[in-house]
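In terms of my numbering, the sequence shown opens at residue 1 and continues consecutively.
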Amino acid sequence: MIELQYFDRSDFRQLINWINSPVLLLQWGGPAFSYPLNESQLEKYTHQANNEYAERMIFKVIDKESGETIGHISLGQIDREHKSARIGKVLVGEQNTRGKGIGQQMMKEILKIAFDELKLHRVSLGVFDFNASAIACYEKAGFVKEGLLRDRSKHGDEYWSLWEMSMLENEWLKAQSQ
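Now the structure itself:
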């Protein structure tokens, strides 16, 4: 079992250690960050997050049993007028902890915040088309593919396409009643 706690300056070093390649940084953070990830970039990322009217909530993922930080996730582009937000910066930290259902738990917890606490109507995310395990996780959580943004990002000599996915409030409520 996991819980989400606000990500703060004391968590920077752990996240920097997890992001150990330019490819992983691009997958995790998109073009907003440059490799190597550093504290200055994370200061900008966390600036004005996690307050009552913030447009971004940033969390570390805690394993309840061990108390260890095992991941990272954010809810950004929070639009209270249109009742929407976007999940991003999803990472199960250590390679040996991936594939064990932690991503599913992370989705459930962040969606509880989005739909139950913030009373949002729509939550979206983007995932590169080659990230089959993440796509499977998001679909299992109830996200629906909306469309493929072909050749969305360039990395080296290749282009990466991005699936746009979303979940609506009624889909969340239906999933919770089952």
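Glycine is no exception: its CB is placed at the ideal position from the N, C-alpha and C atoms. Just so it is clear, the structure is predicted and the values come from calculations on it, not from any experiment.
Residue i, DSSP secondary structure in three states
i           : result
residue 93  : coil
residue 167 : strand
residue 129 : coil
residue 120 : coil
residue 83  : coil
residue 34  : coil
residue 77  : strand
residue 177 : helix
residue 60  : strand
residue 158 : strand
Residue range of the unbroken alpha helix (DSSP H) whose run includes residue i
i           : result
residue 12  : 12 to 18
residue 25  : 22 to 29
residue 52  : Per DSSP, residue 52 belongs to no alpha helix (DSSP H) and is neither H nor E.
residue 109 : 102 to 111
residue 41  : 39 to 46
Own chain, CB closer than 7 angstroms to residue i, minus 5 neighbours either side, in chain order
i           : result
residue 168 : 121, 122
residue 12  : 39, 42
residue 50  : 6, 57, 58
residue 165 : 124, 125, 127, 138, 143, 144, 145, 146
residue 92  : 70, 71, 98, 102, 103
residue 135 : 127, 163
residue 21  : none
residue 140 : 104
Residue range of the beta strand (DSSP E) that includes residue i
i           : result
residue 153 : 144 to 155
residue 5   : 2 to 6
Cβ shell of residue i (< 6 angstroms), same chain only, five flanking positions each side left out
i           : result
residue 148 : 161, 163
residue 159 : 151
Burial state of residue i (16 or more Cβ within 10 Å)
i           : result
residue 53  : exposed
residue 111 : buried
residue 130 : exposed
residue 48  : exposed
residue 1   : exposed
residue 82  : exposed
residue 150 : exposed
residue 67  : exposed
residue 173 : exposed
residue 74  : buried
residue 9   : exposed
Cβ-based neighbour list, residue i, same chain, cut-off 8 angstroms, excluding 5 preceding and 5 following
i          : result
residue 23 : 155
residue 37 : 15, 16, 19, 25, 29
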